[in-house]
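Undergrad:
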Amino acid sequence: MFRRHRRLRKNSYIRDIVRETTLSPNDFIYPIFVVEGQNVKKEISSLPGNYHYSLDKLGEIIGEIKEAGVKGVILFGIPDEKDEIGSSAFDDNGIIQRAIRKIRELDKDVFIITDVCMCEYTSHGHCGIIHDKYVDNDETIKYIAKIALSHAKAGADMVAPSDMMDGRINEIRKTLDENGYENISIMAYSAKYCSAFYGPFREAADSAPKFGDRKSYQMDPANFREAMLEIEDDINEGADIIMVKPALSYLDVIKMAREKNDVPIAAYSVSGEYAMIKAGAKLGYINERAIALESLLSIKRAGADIIITYYALEASKWIKE
Ligand code: PBG
0 MFRRHRRLRK
10 NSYIRDIVRE
20 TTLSPNDFIY
30 PIFVVEGQNV
40 KKEISSLPGN
50 YHYSLDKLGE
60 IIGEIKEAGV
70 KGVILFGIPD
80 EKDEIGSSAF
90 DDNGIIQRAI
100 RKIRELDKDV
110 FIITDVCMCE
120 YTSHGHCGII
130 HDKYVDNDET
140 IKYIAKIALS
150 HAKAGADMVA
160 PSDMMDGRIN
170 EIRKTLDENG
180 YENISIMAYS
190 AKYCSAFYGP
200 FREAADSAPK
210 FGDRKSYQMD
220 PANFREAMLE
230 IEDDINEGAD
240 IIMVKPALSY
250 LDVIKMAREK
260 NDVPIAAYSV
270 SGEYAMIKAG
280 AKLGYINERA
290 IALESLLSIK
300 RAGADIIITY
310 YALEASKWIK
320 E
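Using numbering that gives the first Met the number 0, you'd call the opening residue of the sequence shown number 0 and step up by one each time.
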């Protein structure tokens, strides 16, 4: 048979009714960077259109999120004080813990997710406790669980560990449950690659490692099967949602994760993905809106249910226009 595929592309009505994938503000989670100080709303140079907010300025962004129709945020904190063990990450009065309480006070409905990691809080910039220049896994996961618990106590709805230590999901789940937080969910950064696409974020969060790199804990970009093992273990340890990160260069991983598992899948379209589109658009080489939406759509088509993206607010507006 000679199939006339073009019949279903003839006009916008027919294209609309046969469309397989759509985007909605419900798909997006918006990252917010919180800093100490007062009256700070400072554009992040590596992530144009995104800002550092002090607590007193959070109302502005929470208002914009609501207006855009986005319901979920993921918080990143930049503390004033860093030390070897990242103490301010699990301080009940740390920057994130206060930001959670502040956001809750501003808007009781916003879904608050927290990034659980140590790299923004440690003086060495690594995601754990260092012994002999090596991040000690089993000691680190105790701290990771402590950080997650402090976020839950402050009122977070969901915790998202991004450290890539082994066994952390089990440790966090156990700690949350023992303390009466059995309803706090875990979104695990399960297949998190050691990626150059995080460059702009590390500038934004002041979290670049002071020596070495993250290759001994984040995944090798060359590996695919290993990602499936990471995901399987996180699900078995109790992750409610698993994540693939970055997104665009790892659509194969998202797709296979979707095929193999029934839990919801998140994809983090990271800082480098965003910055490349912004830069290309600024130079006039590409159509920003079209490329941003096409990128997000392809992440969804690959199998992601949830997309963490710096485009969350703009894309939500574009979709509605
Ligand atoms: C913390 C963390 C990072 C990102 C999210 N959580 C940085 C890193 O692993 O170095 C990257 C996000 C982005 O690039 O947008 N560990």
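For every residue, glycine included, the Cβ atom is placed at its ideal position computed from N, Cα and C. Everything numeric in this text was worked out from a predicted model, so none of it was measured.
(1) Looking at A265 and F27, is the spacing between their C-beta atoms short of 8 angstroms?
(2) Assuming contact is defined by CB atoms lying nearer than 8 angstroms, are I31 and Y12 in contact in what I supplied?
(3) Verify the contact flag: Y267, CB atom, against every heavy atom of the ligand PBG, threshold strictly below 7 angstroms.
(4) Could you round the C-beta distance between P245 and S268 to whole angstroms and report it? I think they count as a contact, below 8 angstroms.
(5) Going by beta carbon distance, what residues of the same chain come within less than 7 angstroms of M117, once the five residues before and after it are set aside?
(6) If the criterion is Cβ atoms closer than 8 angstroms, does the pair M242 and A187 meet it?
(7) Taking C-alpha atoms, which residue in K152, L148 and G179 lies nearest to I171?
(8) If you reduce the DSSP assignment to three classes, tell me which class D114 lands in.
(9) Check whether the Cβ of G271 sits closer than 7 angstroms to any heavy atom of the ligand PBG, and report yes or no.
(10) Taking Cβ positions, are K299 and T20 nearer each other than 8 angstroms?
(11) I77 to F200, Cα distance in whole Å?
(12) Would Y310 and L296 be called neighbours here (beta carbons separated by less than 8 angstroms)?
(13) Quick check: the Cα distance between M255 and V115, rounded to an integer number of angstroms?
(14) Whether or not the region 213 to 232 and the region 172 to 184 are in contact is what I'm after, with contact meaning three or more pairs of Cβ atoms, one per stretch, closer than 8 angstroms; do they touch?
(15) Buried or exposed for E272, please, with buried defined as at least 16 other CB atoms from any protein chain shown within 10 angstroms of its CB.
(16) By Cβ distance, which residues of its chain are closer than 7 angstroms to T61, with the 5 residues on each side in sequence left out?
(17) Opposite H150 in the DSSP bridges: which residues?
(18) Pick helix, strand or coil for V262, following the three-state DSSP scheme.
(19) For L22, name the three-state secondary structure that DSSP assigns.
(20) Based on Cα-Cα distance, which residue from G71, E35 and A67 lies nearest to D55?
(21) Closest to G68 by CA distance: which of P24, N92 and E42 is it?
(22) When the Cα atoms are used, what is the spatial distance from A195 to L46?
(23) Take the Cβ of V72 as the centre, count every other Cβ of all protein chains shown within 10 Å, and call the residue buried at 16 or more, exposed below.
(24) For S270, which option in A291, G283 and D251 has the closest C-alpha, if you only look at C-alpha atoms?
(25) How close, in whole Å, do the beta carbons of G166 and I140 come, if the pair is a contact with beta carbons under 8 angstroms?
(26) Along the chain, where does the beta strand (DSSP E) that runs through S53 open and close?
(27) Would you list the one or two residues that DSSP bridges to S268?
(28) Where does A289 land, buried or exposed, given buried means 16+ other C-beta within 10 angstroms?
(29) Determine the direct distance from the alpha carbon of I306 to that of R8, and round the result to whole angstroms.
TA: In brief:
(1) Walking along the sequence shown from the start, residue 27 turns up at place 28. Walking along the sequence shown from the start, residue 265 turns up at place 266. For the 8 angstroms CB-CB criterion, F27 and A265 do not form a contact.
(2) Your numbering for residue 31 matches position 32 in the sequence shown. Your numbering for residue 12 matches position 13 in the sequence shown. Going by C-beta atoms, I31 is not nearer than 8 angstroms to Y12.
(3) Residue numbering aside, residue 267 sits at position 268 when the sequence shown is read from its first letter. Yes, the beta carbon of Y267 sits closer than 7 angstroms to at least one heavy atom of the ligand PBG.
(4) In the sequence shown, counting from the first residue as 1, residue 245 sits at position 246. In the sequence shown, counting from the first residue as 1, residue 268 sits at position 269. Here P245 really is in contact with S268; their C-beta atoms are around 7 angstroms apart, less than 8 angstroms.
(5) Locating residue 117 in the sequence shown gives position 118, where the first residue counts as 1. So the list reads G85, A88, C126, G127, Y142 and D162, once near-sequence residues are dropped.
(6) Working through the sequence shown from its first residue, we reach residue 242 at position 243. Working through the sequence shown from its first residue, we reach residue 187 at position 188. The Cβ-Cβ distance between M242 and A187 falls below 8 angstroms.
(7) Position 172 of the sequence shown, counted from the first residue, corresponds to residue 171. Of K152, L148 and G179, the smallest CA-CA separation from I171 is found for L148.
(8) Sequence index remark: in the sequence shown, residue 114 carries index 115 (1-based). DSSP places D114 in strand when its eight states are reduced to three.
(9) Within the sequence shown, residue 271 is the residue found at index 272, counting from 1. At least one heavy atom of the ligand PBG falls within 7 angstroms of the beta-carbon of G271.
(10) Indexing the sequence shown from 1 puts residue 299 at position 300. Indexing the sequence shown from 1 puts residue 20 at position 21. Remark: C-beta atoms of K299 and T20 approach each other more closely than 8 angstroms.
(11) Residue 77 sits at position 78 when you count from the first residue of the sequence shown. Residue 200 sits at position 201 when you count from the first residue of the sequence shown. Taking the straight line from one Cα to the other gives about 12 angstroms.
(12) Reading the sequence shown from its first residue, position 311 is the one you call residue 310. Reading the sequence shown from its first residue, position 297 is the one you call residue 296. Cβ atoms of Y310 and L296: not closer than 8 angstroms.
(13) Reading the sequence shown from its first residue, position 256 is the one you call residue 255. Reading the sequence shown from its first residue, position 116 is the one you call residue 115. In this structure, the straight-line span from the alpha carbon of M255 to that of V115 is close to 26 angstroms.
(14) Flag = no, the region 172 to 184 and the region 213 to 232 do not touch.
(15) The count along the sequence shown starts at 1 and reaches residue 272 at position 273. So E272 counts as buried.
(16) Taking the sequence shown and counting its residues from 1, the one referred to as residue 61 is at position 62. Note that residue 61 is Ile in the sequence shown here, rather than Thr. By the criterion of a C-beta distance shorter than 7 angstroms, I61 is surrounded in its chain by I102, L105, D106 and V109, once the five residues flanking it on both sides are discounted.
(17) Here residue 150 is taken as the residue at index 151 of the sequence shown, counted from 1. H150 pairs with nothing; no bridge assigned.
(18) As a first step, residue 262 must be located in the sequence shown, where it is residue number 263. Assigned with DSSP and collapsed to three states, V262 falls in coil, not helix or strand.
(19) The sequence position of residue 22 within the sequence shown is 23, counting from 1. In the structure shown, L22 sits in coil (DSSP, three-state: anything other than H, G, I, E or B).
(20) As a first step, residue 55 is located in the sequence shown; it is residue number 56 there, counting from the start. Residue E35 is the option with its Cα nearest to D55.
(21) Along the sequence shown, one-based indexing puts residue 68 at 69. Nearest option by C-alpha distance: P24.
(22) As a position in the sequence shown, residue 195 is number 196, starting the count at 1. As a position in the sequence shown, residue 46 is number 47, starting the count at 1. If you take the alpha carbons of A195 and L46, they lie about 15 angstroms apart.
(23) The residue labelled residue 72 in the question sits at position 73 within the sequence shown. With 16 or more other Cβ atoms inside 10 Å of its own Cβ, V72 counts as buried.
(24) Your numbering for residue 270 matches position 271 in the sequence shown. With distances taken between Cα atoms, S270 lies closest to A291.
(25) Locating residue 166 in the sequence shown gives position 167, counting from the first residue. Locating residue 140 in the sequence shown gives position 141, counting from the first residue. About 6 angstroms separates the CB atoms of G166 and I140; that is less than 8 angstroms, so the two are in contact.
(26) Here residue 53 refers to the residue found at position 54 of the sequence shown. That run of the beta strand (DSSP E) goes Y50 to S53.
(27) In the sequence shown, residue 268 corresponds to position 269, counting from 1. Looking at the DSSP assignment, S268 forms a beta bridge with T308.
(28) Your numbering for residue 289 matches position 290 in the sequence shown. Looking at its Cβ environment, which holds fewer than 16 other Cβ atoms inside 10 Å, A289 is exposed.
(29) Mapped onto the sequence shown, residue 8 falls at position 9. Mapped onto the sequence shown, residue 306 falls at position 307. So the two alpha carbons sit approximately 28 angstroms from each other.
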